[in-house]
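Trainee: Quick note on my numbering: the sequence shown kicks off at 48 and runs consecutively. Every residue gets a Cβ at the ideal spot worked out from N, C-alpha and C, and that includes glycine. Being a predicted model, the structure only gives us computed values, none of them experimental.
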Amino acid sequence: MAYCVTEDQSEFLQAAYEGNLENFLRLVVKIDEGVGLARTAEKLKDGHGRNAFLWAASGGQTHICRFIVDYWKLSPFVKDNDQRSALHWAASGGHNELCKYLLEDLKFDSNIKDKIGTPPLFYAMDRDRLTTAEYLIEKGADITINDFTGYNPLHIAAERGHLGFLQLLTAKGAKVDVGVESKTPLMRAAARGMEEGVKFLLENNANPNTAADGFLTPLMLAIFKQSPECVELLLKAGADPNGRVCGTSALGVASYGNINVIKSLLKAGANPNNVDDYGFTPLEHAAYGQCAEAVVLLFPVTAPLSRVPGWSLDGFNNYKSSGEACGQGFFMRKHFFQLVKSKGDEAAKRKDQWVAIQWYNLAINIDPTEATVFSNRSFCWAQMNDGTAALLDALMCRELRPDWAKAYYREGLGWKLLGNLSKAIIAFTAALELEPNNNELRESLRDALEADFGTTNAAYISQLRI
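(1) Within a Cβ cutoff of 8 angstroms, which residues of the same chain sit near GLY316, ignoring the five residues on either side of it in sequence?
(2) Quick check on ALA339: does DSSP put it in helix, strand or coil?
(3) So, with DSSP's three-state summary, where would you put ARG207?
(4) Flag this pair as touching only if the stretch 167-187 and the stretch 138-148 have three or more C-beta atom pairs under 8 angstroms; answer yes or no.
(5) Use the C-beta contact count for VAL223: other C-beta atoms within 10 angstroms, 16 or more gives buried, fewer gives exposed.
(6) Give the DSSP-derived three-state secondary structure of THR419 in the structure shown.
(7) Buried or exposed: where does LYS463 fall if 16 or more other Cβ atoms within 10 Å of its Cβ makes it buried?
(8) Report buried or exposed for HIS332, applying the criterion of at least 16 other Cβ atoms within 10 angstroms of its Cβ.
(9) According to DSSP, which residues form a beta bridge with LEU263?
(10) Would you check if the stretch 471-485 and the stretch 440-460 touch, i.e. whether three or more CB-CB distances between them fall below 8 angstroms?
(11) Going by C-alpha to C-alpha distance, which of LYS219, SER359 and ARG354 sits closest to VAL348?
(12) Return the bridge partner residues of THR179 from the DSSP annotation.
(13) Pop quiz: LEU496 and ILE472 are said to be a contact at Cβ under 8 angstroms. What is the actual Cβ separation, rounded to whole angstroms?
(14) Should the stretch 95-106 be regarded as contacting the stretch 56-63, the criterion being three or more beta carbon pairs within less than 8 angstroms?
(15) Excluding five sequence neighbours on each side, which residues of the same chain lie with their C-beta closer than 7 angstroms to the C-beta of LEU216?
(16) Could you check where the alpha helix (DSSP H) with CYS146 kicks off and where it finishes?
(17) If we call anything under 8 angstroms between Cβ atoms a contact, is LEU84 one with ASP55?
(18) Could you check which residue in LYS219, HIS95 and ASN423 has the C-alpha nearest to that of LYS398?
(19) So what's ARG174 in DSSP terms, helix, strand or just coil?
(20) Could you compute how far the alpha carbon of LYS517 sits from the alpha carbon of ARG131?
(21) In chain order, what residues of the same chain lie with their CB nearer than 6 angstroms to the CB of ASP440, ignoring the 5 residues before and after it?
(22) Looking at LEU266: is its Cβ nearer than 8 angstroms to the Cβ of LEU281?
(23) Taking the straight line between their C-alpha atoms, what separation do you get for GLY81 and LEU91?
(24) Return helix, strand or coil for VAL292, following the three-state DSSP convention.
(25) Looking at the secondary structure, which residues open and close the alpha helix (DSSP H) in which TRP462 lies?
(26) I need the straight-line Cα distance from LYS147 to ALA395, nearest angstrom please.
(27) Which complete alpha helix (DSSP H) runs does the stretch 341-405 hold, if anything under 4 residues is left out?
(28) Taking contact to mean at least 3 C-beta pairs separated by less than 8 angstroms, is the stretch 380-394 in contact with the stretch 403-413?
(29) Which runs of the alpha helix (DSSP H), 4 residues or longer, sit entirely within the stretch 99-125?
(30) Given that a residue counts as buried once 16 or more other Cβ atoms are within 10 Å of its Cβ, and exposed if not, what is GLN337?
(31) In the DSSP assignment, find the alpha helix (DSSP H) that holds GLY244 and state where it starts and stops.
(32) Going by other Cβ atoms of all chains shown within 10 Å of its Cβ, with 16 needed for buried, is VAL343 buried or exposed?
(33) Here's the rule I'm using: 16 or more other beta-carbon atoms within 10 Å means buried, otherwise exposed. How should ARG380 be labelled?
(34) Given that a residue counts as buried once 16 or more other Cβ atoms are within 10 Å of its Cβ, and exposed if not, what is LYS230?
(35) So for LYS230, helix, strand or coil by DSSP?
(36) Thinking just about the alpha-carbon of each residue, which of PHE262, ALA334 and ALA286 is nearest to the one in GLY374?
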């Protein structure tokens, strides 16, 4: 295998992507070193392991793919370093003509999987290629198949709030309450605040009261996300406004977030006097969570507290500012935070990344200044291959703790997932400067450099002493 290192070699692969057959042939003649044109085209690859056939597939150039197979008699069933086939690249690009050629003429498996177990249908969905997804399903793509995280296409469509995919999949027979360890598409939609997805699933009789990890109902997840629109839809569909999580009522949990969520819960019958396991009301959660607007909203509907002398809004505010009350409030909030965070840590430890993220969402609502939670959530996003979310959390972590090596390490992972190796290298280098003896950081930097510069530059990389 030869890696693309010269300008002519790069232009050859680019010609395959652009579909310029004349330029493609001119350049392959130019770069051939005596092994033959077909073998040159077959063996020359970029740093990601893609040869000319995969570059042509990525660009949707059916005629280039046909030429390579028909005239050079090369195998179309090649894969890149991540085990992505031509069908993965064609589906991702929404190249329907090429998909038809691969499936009908070359007899590709419509459910062929990449390195992490993802079939082409997910690639089409990831890039919003609705007509491509419909064609793949017609040609045998399994709508019940799971990706590497254990979720099927309907979960993904719900999480994206993509109405077209939801309609397509349910029309093809997808079950709205299909669950992976009790995690349903409705939960995924609610957790991301996808109003259209929640609305569609409820209209198709999705159960609003299923629970994951004991407490995580769609309503709780929408509250964690601070999505008043999803909360309103779920309450109208019969979600329980008085549910509890970690010993605290839905209203108590909402008191750390969006004021409109609190209004919807009260309107639906949430009990403002429903105390948590420590005897604190939602009003007190709002007060100790520094949510003054929620305090004003909750005070008139909260029964007088015997521990507060002179029951009035001013009297309550004076009380919660007193030394004893401040200490109690700090203890309550800190303990609630630690309990929720521990739930996330436990889920992450058992590799249930999605559940861990939901607990970390609530932990951040309670205390948005704790860098470790952003770091942990970034790690979970990275494990789920969501580079954008992983990077955003890493950047927040770095902002909160600019002297913490792990923050830069998380940032590097985010950039690497997004394919920006130069920025990943900068982040990993910054992390290594803070912790020069950290072997994990050293290996991450080495891997990023090799991916960016190619293994042919291993000697140069070794000179950097990393």
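Mentor: Inspection of the coordinates gives the following:
(1) PRO288 and ASN289
(2) helix
(3) helix
(4) yes
(5) buried
(6) helix
(7) buried
(8) buried
(9) ALA259
(10) yes
(11) SER359
(12) THR179 pairs with nothing; no bridge assigned.
(13) 6 angstroms
(14) yes
(15) ILE190, PRO200, LEU201 and ALA204
(16) 143-147
(17) no
(18) ASN423
(19) coil
(20) Beyond the ends of the chain as shown, which are 48 and 513, falls residue 517; an answer cannot be given.
(21) PHE421, ARG424 and SER425
(22) yes
(23) 13 angstroms
(24) strand
(25) 452-464
(26) 41 angstroms
(27) 360-367 and 370-396
(28) yes
(29) 99-105 and 109-117
(30) exposed
(31) 242-250
(32) exposed
(33) buried
(34) buried
(35) strand
(36) ALA334
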